[in-house]
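For the record, the sequence lines run as chains C and L. In terms of numbering that gives the first Met the number 0, the first sequence has 161 at position 162, counting the first letter as 1, and numbering is strictly consecutive. In terms of numbering that gives the first Met the number 0, the second sequence has 339 at position 340, counting the first letter as 1, and numbering is strictly consecutive. Think of the CB as a built atom: it goes at the ideal place given N, C-alpha and C, for glycine as much as any other residue. What follows is a short report on a single structure.
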Amino acid sequence: MDNVDARAQVATPGDLVLVTGASGFIGAKVVEHLLERGWKKIRCFVRPSSKRGRLDEVIARFGGQAEVEIFVGDLLSPDDCARASRDVCIAYHLAAGFDKSFAGAFMNSAVATRNLMDALLADGHLRRFVNVSSFAVYSNLEMNRGALLDESAPLETSPQERHDAYGFGKLKQEQLVQRYGQQRGLPHVILRPGTVFGPGKKDLTGRIGIDTFGFFIHIGGSNLLPLSYVDNCADAIVLAGLVPGIDGEIFNVVDDQLLSSRAFLKAYKRRVGPLFSLRLPYAIAYALSWLWENYSRKSHGQLPPAFNRRRCTAEWKGNRYSNQKLHALLGWTPRVGIDEAMERFLSQFPERH
Amino acid sequence: MTRAAIVGCGKIADQHVQAIHRIPGSSVVAVCDREPLMAEQLAERMAIEGVFADVDEMLQSVRPDVVHITTPPQSHSELGRRCLEAGSHVYLEKPFTITAPEAHDLVSLAERSQLLLTAGHNYQFTLEMMQMRRLVADGFLGGHPVHLESHWSYDLGDVSYVAPLLGSRDHWVRRLPGQLFHNLISHGVARLAEFLDEDLVEIVARAHQSDALRAMGGQEVCDELRVLIRDRRGATASFCFSTQIKPGMNLFRVCGPKNSLLVDLSSGSLSRNVGKSYKSYLTYVVPPLLSARGQLGNAFRNMGSIMSRRLHQDFGMKELIEQFHAAIASGGEPPIPYREILLTARIMDEVFDQIRSETGA
Numbered sequence: 000m001d002n003v004d005a006r007a008q009v010a011t012p013g014d015l016v017l018v019t020g021a022s023g024f025i026g027a028k029v030v031e032h033l034l035e036r037g038w039k040k041i042r043c044f045v046r047p048s049s050k051r052g053r054l055d056e057v058i059a060r061f062g063g064q065a066e067v068e069i070f071v072g073d074l075l076s077p078d079d080c081a082r083a084s085r086d087v088c089i090a091y092h093l094a095a096g097f098d099k100s101f102a103g104a105f106m107n108s109a110v111a112t113r114n115l116m117d118a119l120l121a122d123g124h125l126r127r128f129v130n131v132s133s134f135a136v137y138s139n140l141e142m143n144r145g146a147l148l149d150e151s152a153p154l155e156t157s158p159q160e161r162h163d164a165y166g167f168g169k170l171k172q173e174q175l176v177q178r179y180g181q182q183r184g185l186p187h188v189i190l191r192p193g194t195v196f197g198p199g200k201k202d203l204t205g206r207i208g209i210d211t212f213g214f215f216i217h218i219g220g221s222n223l224l225p226l227s228y229v230d231n232c233a234d235a236i237v238l239a240g241l242v243p244g245i246d247g248e249i250f251n252v253v254d255d256q257l258l259s260s261r262a263f264l265k266a267y268k269r270r271v272g273p274l275f276s277l278r279l280p281y282a283i284a285y286a287l288s289w290l291w292e293n294y295s296r297k298s299h300g301q302l303p304p305a306f307n308r309r310r311c312t313a314e315w316k317g318n319r320y321s322n323q324k325l326h327a328l329l330g331w332t333p334r335v336g337i338d339e340a341m342e343r344f345l346s347q348f349p350e351r352h
Numbered sequence: 000m001t002r003a004a005i006v007g008c009g010k011i012a013d014q015h016v017q018a019i020h021r022i023p024g025s026s027v028v029a030v031c032d033r034e035p036l037m038a039e040q041l042a043e044r045m046a047i048e049g050v051f052a053d054v055d056e057m058l059q060s061v062r063p064d065v066v067h068i069t070t071p072p073q074s075h076s077e078l079g080r081r082c083l084e085a086g087s088h089v090y091l092e093k094p095f096t097i098t099a100p101e102a103h104d105l106v107s108l109a110e111r112s113q114l115l116l117t118a119g120h121n122y123q124f125t126l127e128m129m130q131m132r133r134l135v136a137d138g139f140l141g142g143h144p145v146h147l148e149s150h151w152s153y154d155l156g157d158v159s160y161v162a163p164l165l166g167s168r169d170h171w172v173r174r175l176p177g178q179l180f181h182n183l184i185s186h187g188v189a190r191l192a193e194f195l196d197e198d199l200v201e202i203v204a205r206a207h208q209s210d211a212l213r214a215m216g217g218q219e220v221c222d223e224l225r226v227l228i229r230d231r232r233g234a235t236a237s238f239c240f241s242t243q244i245k246p247g248m249n250l251f252r253v254c255g256p257k258n259s260l261l262v263d264l265s266s267g268s269l270s271r272n273v274g275k276s277y278k279s280y281l282t283y284v285v286p287p288l289l290s291a292r293g294q295l296g297n298a299f300r301n302m303g304s305i306m307s308r309r310l311h312q313d314f315g316m317k318e319l320i321e322q323f324h325a326a327i328a329s330g331g332e333p334p335i336p337y338r339e340i341l342l343t344a345r346i347m348d349e350v351f352d353q354i355r356s357e358t359g360a
């Protein structure tokens, strides 16, 4: 955690940092890690409807050590963005656009990000914009099973076919950030976290399986999960705002040690208790996805293309993942190993008796 | 070929584009949103050529046959007027306009311009509602409706909709005269308006806030509404909007002097209640069996509609848009009579007036 020379940082701990999505699962951790690093002025952008329990707890724990401002606003409001951006040197943009609809996801991701970038550039103090994206922007449709997925992997070209509104929003958000970097000189870094897990998030990731049909279907088994423990992920995000000389870079955020979906589910069941699950081999899941996709197309959307080959490959095909760049350019190392991470994740569930 | 344009590229616009793309002979030629990024994203995903941020520019350069307006309702009246004046037919999403006088002005303009206008009351066009309408037209009720009941539920669990509007007094839903109700009750009221006389003699509306909404920080937003209506002919109607009734109800009952019908839009079923008496204990046996037979019929009919690919999840919208485009192409009557659109707007105005004077909101 002390792997950045304070003199060489993009900003000093007295400079103002903005964290959007600060009350979220990762956002509150980012605030916590900034406070741990001795950051003195943090502005936390939260939505009016946000639940602030996590963030309040963090602020209370570090109470008095720093000026932590809660800014309640809406990123879709240019006025709110302008006020929130005043004097900001580093912006950590974690606010995510969760919406079932493509338009809603796009609005809350891309339009909100555009408003924020405009405001930060107009203010003129910005030295680094850290855009937190997602693994959802990748497409491994044309990649072999087990191939290495790093930052150069192909991006999704048809989110509509993949029926993934969130991924579409994130993809468009990234494109906007890169365009602002090229055309308006926005100093930016993009991070793509994998599956972020930890205490405070109880749901099993969709990369293990689905419970759409009333019971849990475990798809695949040997596929590695691109896990990122929340503290490790927050560390990477914080470093991306501080390390000089990395403008325009993109980083995948995954831990050093990863588990297969089978190993993760086994550990989960051991702690949480019996969970009826049916295992579906990847090849069968792929064939069913193909059938579903075809029926959806032939019936002109009578059945929404919720299952399709693009989604199937992205979630369950199984790849190897690299965090080489994270180590090399950010000097990042995971502060929590996989065993400890799993222990902490599982500790939020009551022990079986 | 019917050339359509979409104004307002938010969530509901996708459904309009998909429904139009399914109609042989119709296509979407342009999209427009004052936020250019929103127009671009829709055009890119749906492969639509024309992208505009200014509605007048779009109307002038594309000259669409029909414009689907899917913006927040505050802009409906003005945008509808501009589109009609430019010579396009207009589909306005619900709620049709903010007030009944605005609705009246638009309908008058459409009639003067010999253009068609419709409202996004798509739940009037589900398979079971259309079947109900056929039975009523065939005289199943045995005369004019005596009483109507409409239930419309909304689940507050969908926080992606409720949370932003509760969080901001400036949210467009909060700025509507009827707030949450204004954006949600049109469907439930329209089905009453279809069968009520235009001359209403009594409307009583009462609203309150549920404990659940209060716990979510709803402040002055009401989410429970009950309305009683009586028309000049003596037909009565009740309307219940609730966020708290579980499971949520989306029902319409129309009672005649002889028989009655119950439409359950949640399960896509229609139940006939025939005014026939049975001797002795058969009263307790035969009607339930007939009811079971009716429900079995509903299940088989729905299965058939699914297998034949007729039943879509957004069937009502698909059907309404198809009928509207067919009317445009043939020069026929619009699928929803203007009388029904205007009466819906009048009932909503009166309901919101009463709620405001009661709650001071």
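List the residues of chain L that residue i touches, going by C-beta distances under 8 Å, in chain order.
i, result
"C/V110", "E34, L36, M37"
"C/Q181", "Near C/Q181 there are no residues of chain L at all, since even the closest Cβ is about 17 Å away, more than 8 Å."
Could you have a look at residue i and say whether DSSP puts it in helix, strand or coil?
i, result
"C/K40", "strand"
"L/C82", "helix"
"C/W315", "helix"
"L/H88", "strand"
"L/G363", "Beyond the ends of chain L as shown, which are 0 and 360, falls residue 363 of chain L; an answer cannot be given."
"C/M0", "Summary for C/M0: the model assigns pLDDT 47, below 50, so the residue's position carries little reliability; its value from the coordinates is reported in the next sentence. If DSSP states are grouped into helix, strand and coil, C/M0 belongs with coil."
"C/N222", "coil"
"L/D352", "helix"
"C/L258", "coil"
"L/D263", "strand"
"L/E110", "helix"
"L/P71", "coil"
"C/G168", "helix"
"C/D14", "coil"
"L/C8", "coil"
"C/T332", "coil"
Can you give the Cα-Cα distance for residue i and residue j, rounded to whole angstroms?
i, j, result
"C/Y91", "C/G168", "18 Å"
"C/A102", "L/G9", "5 Å"
"C/V18", "L/D169", "24 Å"
"L/N258", "L/R252", "11 Å"
"L/A18", "L/H75", "21 Å"
"C/R66", "C/A27", "Note on residue identity: the sequence assigns Glu, not Arg, to residue 66 of chain C. Those two C-alpha atoms are separated by around 15 Å."
"C/P158", "L/I327", "34 Å"
"C/M106", "L/L288", "52 Å"
"C/M0", "C/D202", "In this predicted model, C/M0 has a pLDDT of only 47, less than 50, meaning its place in the structure is not dependable; the value taken from the coordinates is given anyway. So the alpha carbons of these two residues sit roughly 28 Å apart."
"C/E173", "L/G331", "48 Å"
"C/E7", "C/R36", "In the sequence as displayed, the identity of residue 7 of chain C is Ala instead of Glu. Looking at the two C-alpha atoms, the distance is approximately 15 Å."
"L/D222", "L/H207", "6 Å"
"L/I353", "L/A204", "Note that residue 353 of chain L is Gln in the sequence shown, not Ile. Near 6 Å, if we compare the C-alpha coordinates of L/A204 and L/Q353."
"L/I346", "L/R174", "19 Å"
"L/P23", "L/I47", "16 Å"
Can you pull the chain L residues whose beta carbon is under 7 Å from the beta carbon of residue i, in chain order?
i, result
"C/M142", "Correct list: empty, because the minimum Cβ distance to chain L is about 24 Å."
"C/H171", "Going by the sequence as given, residue 171 of chain C is Lys instead of His. Near C/K171 (Cβ distances below 7 Å), the residues of chain L are Q40."
"C/S48", "A162, P163, L165, G166"
Considering only C-alpha positions, which residue in the set the options is nearest to residue i?
i, options, result
"C/R261", "C/Y294, C/I283, C/I218, C/G300", "C/I218"
"C/K268", "C/I283, C/F212, C/E35, C/S346", "C/S346"
"L/G247", "L/M306, L/W151, L/V273, L/I184", "L/W151"
"C/F275", "C/I216, C/L287, C/S221", "C/I216"
"C/F306", "C/E31, C/S321, C/L325, C/Y285", "C/Y285"
Any heavy atom of the ligand MG inside 6 Å of the beta-carbon of residue i?
i, result
"C/W289", "The model on display carries no ligand, and the ligand MG is accordingly not part of it."
Please compile the residues from chain C whose C-beta is within a distance smaller than 7 Å of the C-beta of residue i.
i, result
"L/R44", "F101, Q159"
"L/Q17", "G300"
"L/R308", "S298, Q301"
Mind pulling the chain C residues with CB within less than 9 Å of residue i?
i, result
"L/G9", "S100, A102, G103, M106"
"L/H324", "Per Cβ cutoff of 9 Å: no residues; L/H324 is ~15 Å from chain C at best."
When DSSP builds the beta bridges, which residues end up paired with residue i?
i, result
"C/E68", "C/R42"
"L/W151", "L/F240, L/N249"
"L/V27", "L/A3"
"L/D230", "L/L199"
What residues from chain C crowd round residue i, counting only those whose CB sits closer than 8 Å?
i, result
"L/D13", "S100, F101, A102"
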